[in-house]
Amino acid sequence: LQTARVMDGKSIARSIRSGIACEVNRMKEATGKSPGLALVLVGKRRDSQTFIRVKLKACCEVGITTLVEELPEECMEDELLRVVSRLNGDPSVHGIIVQLPLPKHINEEKILDVISPEKDVDGFHPLNMGNLAMKGREPLFIPCAPKSCIELLLRSNVEIIGKRAVVIGRSKIVGLPTSLLLQRHHATVSTVHAFTRNPEQITREADILVADIGIPNIVRGNWLKPGAVVVDMGTNQVKDSSGFRITGDVYYEEAIKVASAVTPVPGGVGPITISMLLSNTLDSAKRALR
Ligand code: GUN
10 LQTARVMDGK SIARSIRSGI ACEVNRMKEA TGKSPGLALV LVGKRRDSQT FIRVKLKACC
70 EVGITTLVEE LPEECMEDEL LRVVSRLNGD PSVHGIIVQL PLPKHINEEK ILDVISPEKD
130 VDGFHPLNMG NLAMKGREPL FIPCAPKSCI ELLLRSNVEI IGKRAVVIGR SKIVGLPTSL
190 LLQRHHATVS TVHAFTRNPE QITREADILV ADIGIPNIVR GNWLKPGAVV VDMGTNQVKD
250 SSGFRITGDV YYEEAIKVAS AVTPVPGGVG PITISMLLSN TLDSAKRALR
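So the sequence shown is numbered by the numbering used here: it starts at 10 and just counts up by one.
Here it is as C-alpha cells:
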C-alpha cells in the first residue's frame with residue numbers, strides 16, 4: 010500500500026525555468042547581453058557527457074549562452090589550468106563548470122582553487138564552501154544539488170526548522186554542502202557515511218532523509234521512519250536489457266510504502282538541480298553587469 014506523496018521535480022523545475030527565461034529576456038533588452046556559462050569536459054566519461062548535454066539543452070531553452078571546452082583524457086594539469094584562467098578573464102563568461110570527476114592524474118582541488126569565486130556557479134571553491142559552512146557569512150554561490158534539495162522541500166511544503174535530518178554521504182558535490190545547507194535552514198543534521206556503524210539505526214530517526222551514496226537501491230524500506238520525507242540524490246547509471254537508465258539510491262517500491270513523501274529518480278531533484286545552475290549563472294551575470 011502506497012502512503013507516500015511523490016514529489017514531482019519536473020514541474021517545479023519547469024516553473025523555475027520559465028521565471029529564469031523571463032529574466033534573461035529582460036536582461037537582453039536592458040543591456041544587450043545574456044548570461045554566459047562555460048562547461049569544461051576532460052575525457053569521455055559517459056555520465057559526464059550526459060550531464061553536459063542536459064546542462065547545454067537547459068541553457069539553450071532559457072537563453073543562456075554556452076561555451077564548451079573539451080580536453081582529451083590524457084591532457085596535462087597545466088593545460089586545464091590555462092583553460093580555466095582564460096575563462097576567468099573572459100567577460101562574456103559568467104559561470105564556469107569543470108565537470109567532475111576529473112581523470113586521476115589531475116589534482117581536482119588545484120583546479121577548483123583557480124576557478125574565480127565570482128564565476129564558481131557550482132559553489133565548489135573553498136571560499137564559497139567555507140562561507141556556506143560559517144554562520145553569518147554568505148557564499149556567492151551555493152552548490153546546485155543541495156539548493157535543489159531545499160527548494161524541493163520548501164515547494165512541497167515540508168517544514169525544515171527543528172526537524173531531524175539525516176544525510177547519507179559527505180561528498181563535496183552533494184552530501185557535505187547539503188548537510189551545511191540543512192543546518193542553515195535550522196534542521197538538526199546527522200551525517201552517515203561508509204564508516205558509520207549500524208547506519209539504519211540513525212536513518213530511522215530521520216524526519217527528512219537525504220541519500221547521496223551512489224549505490225542503486227541501497228536504502229531499503231526498513232531504513233526509514235514511517236512518515237519520513239525521502240530525498241533521493243542518487244544518479245546511478247545501470248545497464249539493463251533495454252540499455253542504460255538512471256536509478257536512485259533509494260529502493261523506491263519499498264520507500265513509497267513507509268515514507269510520507271519521496272522523490273522519484275529520474276524526475277526528482279535532478280531537473281531542479283539543473284534549474285539551480287541556470288539560476289546561479291543568471292545571478293552571476295546580474296552581479297557582473299550591475
Ligand atoms: N559531477 C556530478 N555532478 C556534478 C556537478 O554538479 N558539477 C560538476 N562540476 N560535476 C559534477
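Positions of the beta carbon are idealized from the N, C-alpha and C atoms, including for glycine.
Short of 7 Å from the beta carbon of residue 147, and not among the five residues preceding or following it, lie these beta carbons of its own chain, in chain order: 140. Per the C-alpha coordinates, the member of 171, 207, 142 and 231 positioned closest to residue 184 is 142.
In this structure, the C-beta of residue 109 approaches the ligand GUN to less than 6 Å from one of its heavy atoms.
Look at residue 131 here: in three-state DSSP terms it is coil, with no helix or strand label. In the assembly as shown, residue 285 is a buried residue. Its beta-carbon has 16 or more other beta-carbons within 10 Å. Three or more beta-carbon pairs drawn from the segment 284 to 298 and the segment 70 to 78 are found closer than 8 Å, and the two stretches are therefore classed as touching. When beta bridges are read from the DSSP output, residue 75 appears opposite 46. Relative to the Cα of residue 30, the nearest Cα in the group 44, 20 and 19 belongs to 44. From the listed residues 81, 128, 153 and 54, the smallest Cα separation to residue 110 is found for 54. The shortest C-alpha to C-alpha distance from residue 119 to any of 135, 127, 104 and 245 is the one to 135. CA-to-CA, the gap between residue 83 and residue 49 works out to about 14 Å. The beta carbon of residue 182 sits closer than 6 Å to at least one heavy atom of the ligand GUN. Exclusion of residue 224 from the 6 Å shell around the ligand GUN follows from its C-beta lying no nearer than that to any non-hydrogen atom of the ligand. Remark: C-beta atoms of residue 241 and residue 198 do not approach each other more closely than 7 Å. Taking the Cα of residue 77 as reference, the smallest distance to any Cα among 85, 87, 58 and 86 is reached at 58.
As the crow flies, the alpha-carbon of residue 270 is around 24 Å from that of residue 247. Beta-bridge pairing by DSSP links residue 87 to no other residue.
Per DSSP, the unbroken beta strand (DSSP E) holding residue 255 starts and ends at 252 to 256.
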